[in-house]
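Quick mapping for you: the protein sequence lines, in order, are chains W and U.
Residue numbers for the first sequence follow the numbering used here, beginning at 1 and rising by one.
Residue numbers for the second sequence follow the numbering used here, beginning at 1001 and rising by one.
A quick write-up on the structure given underneath.
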Amino acid sequence: MRFVDEFRDGAVARTLAARIADLVEPGRSYRLMEFCGGHTHTISRYGLEDLLPESIRLIHGPGCPVCVLPIGRLDMAIDLARRPEVILCCYGDMMRVPASGRASLMRAKADGADVRMVYASTDALALARANPDREVVFFAIGFETTTPATAAALKQAGAMDLGNFSVFCNHVLTPSAIAAILSLEDSPDGEGLQVDGFVGPGHVSTVIGSAPYEPFARDHGKPIVVSGFEPLDILQSVEMLVVQLNQGRAEVETQYSRAVGRDGNRKALDLIRETLALRESFEWRGLGSIPESALRVADAYAAFDAERKFGPESLSVPDHPACECGTILRGVKRPAECRIFGTGCTPDNPIGSCMVSPEGACAAHYLYGRFRTERAAAE
Amino acid sequence: MCLAFPAQVIELLPAEQAVVDLDGVRKTVSVLLLEDVAIGEYVMVHVGFALAKVDAEEAAQTLALMKEAMALTGPLADREEVPA
Chain W
1 MRFVDEFRDG
11 AVARTLAARI
21 ADLVEPGRSY
31 RLMEFCGGHT
41 HTISRYGLED
51 LLPESIRLIH
61 GPGCPVCVLP
71 IGRLDMAIDL
81 ARRPEVILCC
91 YGDMMRVPAS
101 GRASLMRAKA
111 DGADVRMVYA
121 STDALALARA
131 NPDREVVFFA
141 IGFETTTPAT
151 AAALKQAGAM
161 DLGNFSVFCN
171 HVLTPSAIAA
181 ILSLEDSPDG
191 EGLQVDGFVG
201 PGHVSTVIGS
211 APYEPFARDH
221 GKPIVVSGFE
231 PLDILQSVEM
241 LVVQLNQGRA
251 EVETQYSRAV
261 GRDGNRKALD
271 LIRETLALRE
281 SFEWRGLGSI
291 PESALRVADA
301 YAAFDAERKF
311 GPESLSVPDH
321 PACECGTILR
331 GVKRPAECRI
341 FGTGCTPDNP
351 IGSCMVSPEG
361 ACAAHYLYGR
371 FRTERAAAE
Chain U
1001 MCLAFPAQVI
1011 ELLPAEQAVV
1021 DLDGVRKTVS
1031 VLLLEDVAIG
1041 EYVMVHVGFA
1051 LAKVDAEEAA
1061 QTLALMKEAM
1071 ALTGPLADRE
1081 EVPA
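Pasting the structure below:
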């Protein structure tokens, strides 16, 4: 596959890793947070941590929308799905995420709720057209990468006056989450996190561009390198971060220049601005309530807002007491440090959301990384 | 979740849609978020929408920078056994 295979070349990966090993300064540690769950998945799948020197620690950030969605919002979606008139459409990632009382959309479907897995928001529009006597609700989640698809569906629903289509909007914003992580840095309880630099999300940045990260580099002194998703992309981004840190620079650089520019996708951003609006505040799993960190349906499209149409009760539900998803999403703990990791909580039977999506820190570690830990323990 | 694949545009359809090919798998996606899409171009596809064009020149430069590392240090594979 063009633009994929050439970025997975093992020999180039090993030389890049050797060059990074030559670059790291003795006695110095480099704590780099990869924000995006897609990067977490690549790092685990290709064993990149094994290639890198020990002084580089990769911290898995909260960039997995399934993982940061609080239980309460999922309970609200399940309540919507249980209404007899509703067809609830969602992306496949959401089906098995555990809600309150071990419920999930999958179980709600087994109990008779009409839950449909869709590949694209436009599939939900087609369902609404084909079922004029039903209410089709699109359960929209995701960071800025996924938001334009929802915005396009809203715009199309408006143009077609599709009265039985609505969106339950849970879109969240990357820069707000990075700001929240940086604000943890100086927290007095020691629960905060020390991060030296960020591997910035590549596909989010195809939409928003690299410019929104510039304040973090300027005001917090943290270098950010926007990275592609193949193993060589990530290694090169790590190298670029190490070079910046060694030189005492903190700038926004783009390794993923084949897809990302400074200004992002103007058409997508215009569409989002027209159909969606900023929420005053939104709850994130692991990070708590963050001001202006999520989007709702804009007033001009209120007729297509499932929250206004059905008025689901807003719920805020605590996580399972043994679950460490919160501390793991903040990068304070590693997956293996959770006492139910791999025993009570596995991808087949997840308790926390980080174990559900293959890009969740726990699922990625369970699938690929735990063998390394077990081997190290045995030696 | 933010998974996106580089796929080649092989046919332009009405209503800002296009057929793309990813290693033999063909799919109709929306290209309404892009300007002037041409047949033969590669686009990043995410949940049924093409989000960005892939710049082949930039990709070649990125690869060249990576391979520069090889020219400087030589392939490490000769020096050390690393599991593939």
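Using N, Cα and C, we set each Cβ at its ideal position, and we do this for glycine too.
- Contact of U/A1018 with chain W is not assigned, every C-beta pair being separated by 8 Å or more.
- For W/D233, the enclosing alpha helix (DSSP H) begins and ends at 231 to 247.
- The Cβ neighbour count for W/Y119, taken over all protein chains shown within 10 Å, is under 16; the residue is labelled exposed.
- Following the DSSP letters along the chain, one finds W/S44 inside the alpha helix (DSSP H) bounded by residues 37 to 45.
- Residues of chain W whose Cβ lies closer than 9 Å to the Cβ of U/P1006 are, in chain order, M1, R2, F3, V4, R258, A259.
- The beta carbon of W/N265 falls within 8 Å of a beta carbon belonging to chain U, placing the residue at that interface.
- For W/I181, the enclosing alpha helix (DSSP H) has its first and last residue at 174 to 184.
- For U/E1058, a Cβ of chain W is located within less than 8 Å of the residue's own Cβ.
- Under the DSSP definition of a beta bridge, U/K1053 partners with U/V1043.
- Runs of the beta strand (DSSP E) spanning 3 or more residues and lying entirely within the segment 95 to 156 of chain W occur at 115 to 117, 135 to 142, in chain order.
- At a cut-off of 8 Å between beta-carbon atoms, U/A1052 makes contact with chain W.
- Of all alpha-carbon atoms in U/F1049, U/D1036, U/V1054, the one lying nearest the alpha-carbon of U/V1043 is that of U/V1054.
- For W/I59, the secondary structure class from DSSP, reduced to helix, strand or coil, is strand.
- When beta bridges are read from the DSSP output, W/V199 appears opposite W/E34, W/V225.
- One thing to note: W/P231 has its Cβ within 8 Å of the Cβ of W/T42.
- With 16 or more other CB atoms across the displayed protein chains lying within 10 angstroms of its CB, W/L127 is buried.
- Under the 10 Å beta carbon count, W/E359 is surrounded by 16 or more other beta carbons and is classified as buried.
- Using a Cβ distance threshold of 8 Å, U/V1047 and W/A149 count as a contacting pair.
- Taking 8 Å as the CB threshold, W/V356 stays off the interface with chain U.
- With contacts defined as CB atoms closer than 8 Å, W/M1 and U/D1023 qualify as a contacting pair.
- When secondary structure is reduced to three states using DSSP, U/K1027 falls in the strand class.
- In the DSSP assignment, W/V24 falls outside any alpha helix (DSSP H), carrying neither H nor E.
- Residue pairing by DSSP puts U/E1011 in a beta bridge opposite U/V1019.
- Taking 8 Å as the threshold, the shortest C-beta distance from U/D1023 to chain W falls below it.
- The beta carbon of W/A277 is closer than 8 Å to those of L295, R296, V297, A298, D299 in its chain, skipping five residues each way along the sequence.
- In the structure shown, the three-state DSSP call for W/D305 is strand.
- Contact between the segment 44 to 59 of chain W and the segment 218 to 229 of chain W is absent, with fewer than three C-beta pairs closer than 8 Å.
- Residues of the segment 202 to 233 of chain W whose Cβ lies closer than 7 Å to any Cβ of chain U, in chain order: H203, V204, T206, V207, L232.
- Taking 8 Å as the Cβ-Cβ cut-off, the segment 109 to 138 of chain W approaches chain U at Y119, A120, S121, T122, D123, given in chain order.
- A check of alpha carbon separations from W/L241 across W/F229, W/G197, W/E379, W/S257 identifies W/G197 as the nearest.
- Taking C-alpha positions only, W/P65 is separated from W/A364 by approximately 15 Å.
- Taking the C-beta atoms as reference points, U/L1012 is found nearer than 8 Å to U/I1039.
- In the three-state reduction of the DSSP assignment, W/C362 falls in the helix class, which pools H, G and I.
- In the pairwise beta carbon analysis, the segment 151 to 169 of chain W is classified as touching the segment 306 to 314 of chain W: at least three pairs are separated by under 8 Å.
- With contacts defined as CB atoms closer than 8 Å, W/E34 and W/V199 qualify as a contacting pair.
- Boundaries of the beta strand (DSSP E) around W/H171: 165 to 171.
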